[in-house]
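Step one of this worksheet: look at the structure below.
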Amino acid sequence: MIGKKVLSTSYVPMFEVKEILKARSEEGELTYEQNLASEYAKKLCRVSKSKGQKLLEELKEIPSKESPSIDEAFAVKIVDIMPESLERLKLLVPKTFKGTDEDLGRALELVKKQLK
Numbered sequence: 033m034i035g036k037k038v039l040s041t042s043y044v045p046m047f048e049v050k051e052i053l054k055a056r057s058e059e060g061e062l063t064y065e066q067n068l069a070s071e072y073a074k075k076l077c078r079v080s081k082s083k084g085q086k087l088l089e090e091l092k093e094i095p096s097k098e099s100p101s102i103d104e105a106f107a108v109k110i111v112d113i114m115p116e117s118l119e120r121l122k123l124l125v126p127k128t129f130k131g132t133d134e135d136l137g138r139a140l141e142l143v144k145k146q147l148k
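Here my numbering is used: the sequence shown runs in plain steps of one and ends on residue 148.
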């Protein structure tokens with residue numbers, strides 16, 4: 033059967049989704065679902081590709097007693113949402129997060145730096 037085995041998984045940030053769908057729309061007409069995803073990405077993407085990639089790398093490199101404190105999935109979620117307060121950032125924290133409030137504070141500083 034086709035499509036029953038997952039070969040790999042990866043997390044795709046909103047800025048990449050926006051670019052992928054833009055390139056796809058230049059090749060031909062988007063499907064209904066792709067069109068909805070494209071509109072969603074255009075409305076909610078708050079960071080450019082260069083800033084987003086830089087922020088992703090910086091978030092993954094935040095030092096912590098637990099290693100790594102911010103995994104790829106959490107980093108992508110932070111870049112997609114771009115929270116501006118510690119309270120909003122804490123709403124995104126997954127159950128598997130092993131970092132501290134200091135780690136979250138560093139992540140918030142990086143986000144604010146990219147929003148300027």
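The C-beta atom is built at its ideal place from N, Cα and C for all residues, glycine as well. Keep in mind it's a predicted model, so treat the numbers as computed, not measured.
Is it right to say Ala107 is buried, meaning 16 or more other beta carbons lie within 10 angstroms of its own, or is it exposed? Here the question's residue 107 lines up with position 75 in the sequence shown. So Ala107 ends up on the buried side.
Enumerate, from N- to C-terminal direction, the unbroken alpha helix (DSSP H) stretches of 4 or more residues contained entirely within the segment 33–121. 46–59, 64–76, 81–92 and 104–113
On the CB-based measure, 16 or more other CB atoms within 10 Å of its CB, does Val143 come out buried or exposed? In the sequence shown, counting from the first residue as 1, residue 143 sits at position 111. With 16 or more other Cβ atoms within 10 Å, it is buried.
Does DSSP put Gly131 in a helix, a strand or coil? Within the sequence shown, numbered from 1, the residue matching residue 131 stands at position 99. Coil at Gly131, not helix or strand.
Does the beta-carbon of Val44 have 16 or more other beta-carbons within 10 angstroms, so that it is buried, or is it exposed? To locate residue 44, count along the sequence shown from 1; it is residue 12. It is exposed - the Cβ of Val44 has fewer than 16 other Cβ atoms within 10 Å.
Is the beta carbon of Leu118 sitting closer than 7 Å to the one on Leu88? Here the question's residue 118 lines up with position 86 in the sequence shown. Here the question's residue 88 lines up with position 56 in the sequence shown. It is not a contact, given that the beta carbons lie outside the stated cut-off.
With distance defined between alpha-carbon atoms, name the residue in Asp112, Asp133, Glu90 and Lys148 nearest to Met46. To locate residue 46, count along the sequence shown from 1; it is residue 14. With distances taken between Cα atoms, Met46 lies closest to Asp112.
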